[in-house]
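All the letters of the sequence shown, read from the start, carry residue numbers 30 to 559 under this note's numbering.
Data first, discussion second: the structure below is written as structure tokens.
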Amino acid sequence: MRSRLGDAMAPAKRGGAHNRHHQLKQLSGGVKRLFGKLSVAVIVLVICTLSLLSSTKTYKPPASPSKISVKNLWGTVASDGWRPSSAPRSDWPPPPNESNGYLRVRCNGGLNQQRTAICNAVLAARIMNATLVLPELDANSFWHDDSGFQGIYDVEHFVNSLRYDVRIVERIPEIRKNGKTKKIKAFQIRPPRDAPVSWYTTEALQRMKEHGAIYLTPFSHRLAEEIDMPEYQRLRCRVNYHALRFKPHIMKLSNSIVSKLRTQGHFMAIHLRFEMDMLSFAGCFDIFNPEEQMILKKYRKENFKDKDLKYSERRAIGKCPLTPEEVGLILRSMGFDNSTRIYLAAGELFGGERFMKPFRSMFPRLENHKTVDTSGEISENTQGLIGSAVDYMVCLLSDIFMPTYDGPSNFANNLMGHRQYYGFRTTLHPDRKALAPIFIDRENGRTAGFEEAVRHAMLKTNFGGPHKRVSPESFYTNSWPECFCQTAATNPAHKCPPENILQILEDQLENEGTTNSDTAQSNLTSVEEN
């Protein structure tokens, strides 16, 4: 069992030189060395990791504002001595055998909104000393997919990985009372948005003790992100980056796609969020014809709050998603040429081919999961979670990732955080507010110095390296410094946990079990003597 736990807890090591063996060591966390034979699920993940054949150079922005080394961007960003580490660094007792009750949650939204909700559910269970019932994934609100948690994630790995943190069951067990079998009915609560820890330790816990179980629904953004308790934040990282592993067939399919993309060298993944829901949300209508504008406005009226949004104002402050052409112009200005291989992670682009044509003329080597997947599995699940899960893994493993609209996009935000934790893998994160006036000038005929201005704006971004989290940036987008450590840290809070942290946690868990077993035996003996 330990072999399945190793990669969930062992801190990954990073240095200045990153090679294939080192990337494997980071993801598996030294499992093979510590615990021997890997499980099938781990082997699949290792195979997936071996596809990371990218350059091992690290990228630091140059002193000159007009120079960008595309060659170095294919590598990783300079880590400045930081490495990912979500293992506990202070006293972290195992979950007691007896909890305060059962916690059920219903995670609504798309795959990545559900992912953050699962992380919050695990933390909420830890806060309340509750037994977590395997989270429910809403089948109706987004994907109309009833795969559920068991259909997307590796349940055994999830439960085993978190055994030092919370107790998890697949369903609330029945109890026997007065010789009869009885079901525990969970008391339903609608938790407040971004509820503080205190809400869970008071109101939610009180209801749990009264009823034996509570059911929190909906459970999207129902626990505050910014919690001034680093160990709680590290638990979120353990869930997000270690425990939540897609099922083996999804990992295998993702690896197959990545391997095919790598047959001709490096590749970039772009989340092209030029889709109806995001354009409607942003209120960016004027570039479309009257019929398309009616569709967008109707969608906005049905799904979002009514607001007076002026396109010119929204565009000027960078609130509109980048168009495919603008994405192409950014890449070309940075020095990428038409031989660049690009994987597009996107739904159906609104406006059709006329918006893609300029981008395709600049970068013709475009792929998506439908063009690369020869198994046909994704095409059979076009409205389901599998396509989104595969897109996520391909973007995670790509040499460069570029989101075109982070805003409320859980997919882009989660990926930026995961790639940062995965070894500061290069992310091109356009500052739409800084780029907006440059594009507006170009549209008005003022093209002199355009590419220089774009490069200057892009060089002010961090490319996925360590940086301070500033609101509205999400913890799930940037978990630095809580989920990172320094081997030679001067600040005690940044020191890495001991190398034998797994053994310490395992001993604590065994001691807890022994203590509870001794107590139970003592009680039984007392009863027999009486």
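Just so it is clear, CB atoms sit at the ideal spot from N, CA and C, and this is done for glycine as well.
These numbers were taken from a predicted model, which means no experiment stands behind them.
Taking a cut-off of 8 Å for Cβ pairs, the stretch 100–108 and the stretch 224–232 do not touch, as fewer than three such pairs fall below it.
Taking a contact as a CB-CB distance under 8 Å, the pair N141 and F440 counts as one, their CB atoms being some 5 Å apart. Beta-bridge partners of Y451 (DSSP): none assigned. Residues of the same chain with a CB within less than 7 Å of the CB of V162, apart from the 5 flanking positions on each side, are Y131, L132, R133, V198, R200 and I201 in chain order.
Pairing N129 with N158, the inter-Cα distance amounts to about 6 Å.
In this structure, DSSP gives L351 a state outside helix and strand, which the three-state scheme calls coil. Approximately 23 Å separates the beta-carbon atoms of A168 and L252; this is outside 8 Å, ruling out the contact. Taking 8 Å as the upper bound for CB-CB distance, F248 and Y182 are not in contact here, some 16 Å apart. Taking the Cα positions, Y421 is about 28 Å away from A465. The beta carbon of N520 sits closer than 6 Å to no other beta carbon from its chain once the five residues preceding and following it are set aside. By the neighbour-count definition (other C-beta atoms within 10 Å, threshold 16), N101 is a buried residue. Remark: C-beta atoms of S508 and Q143 do not approach each other more closely than 8 Å.
By the C-beta density criterion, Q449 is buried, having at least 16 other C-beta atoms within 10 angstroms. Exposure of H278 is indicated by the presence of fewer than 16 other C-beta atoms within 10 angstroms of its C-beta. Listed in chain order, the alpha helix (DSSP H) elements of length 4 or more contained wholly in the stretch 456–513 are 461–472 and 479–487. Counting along the chain, no alpha helix (DSSP H) covers Y244; the unbroken beta strand (DSSP E) around it starts and ends at A242 to L245.
Between the stretch 210–222 and the stretch 313–325, the count of C-beta pairs closer than 8 Å stays below three; the two stretches do not touch. Around the beta carbon of I346, a 10 Å sphere encloses fewer than 16 other beta carbons of the protein chains shown; the residue is thus reported as exposed. Within the stretch 304–365, complete alpha helix (DSSP H) segments of at least 4 residues are found at 305–311, 319–332, 340–345 and 353–363, given in chain order.
In summary, A146 is buried, with 16 or more beta-carbon neighbours lying within 10 Å of its beta-carbon over all protein chains present. The three-state secondary structure of T210, taken from DSSP, is strand. In the structure shown, I97 falls within a coil segment according to DSSP collapsed to helix, strand and coil. Of the other Cβ atoms in all chains shown, fewer than 16 fall within 10 Å of the Cβ of A517; this residue is therefore exposed. The C-beta distance from R394 to I415 rounds to 25 Å, too long to fall under 8 Å, and the pair is not in contact.
Relative to P459, the option among K348, C525 and D257 whose CA is nearest is K348. Within a 10 Å sphere around the beta-carbon of N473 sit fewer than 16 other beta-carbons, which makes this residue exposed.
By the CB criterion at 8 Å, C512 and C525 fall outside the cutoff. In the DSSP annotation of this structure, the continuous segment of the alpha helix (DSSP H) that includes C148 starts and ends at L140 to M157.
Per DSSP, Y229 has no beta bridge partner at all.
In this model, S119 and G478 are separated by some 53 Å (Cα to Cα). In this model, D223 and E254 are separated by some 7 Å (Cα to Cα). Of all alpha-carbon atoms in P225, I299 and L234, the one lying nearest the alpha-carbon of D257 is that of P225. Looking from the CA of R192, the closest CA among R155, T210, I213 and K211 belongs to R155. For L338, same chain residues with a beta-carbon under 7 Å away, outside a window of 5 residues either side, are G312 in chain order.
Residue environment analysis places N207 among the exposed positions, since fewer than 16 neighbouring C-beta atoms fall within 10 angstroms of its C-beta. Ranked by Cα distance from T456, the first of N149, N442 and S114 is N442.
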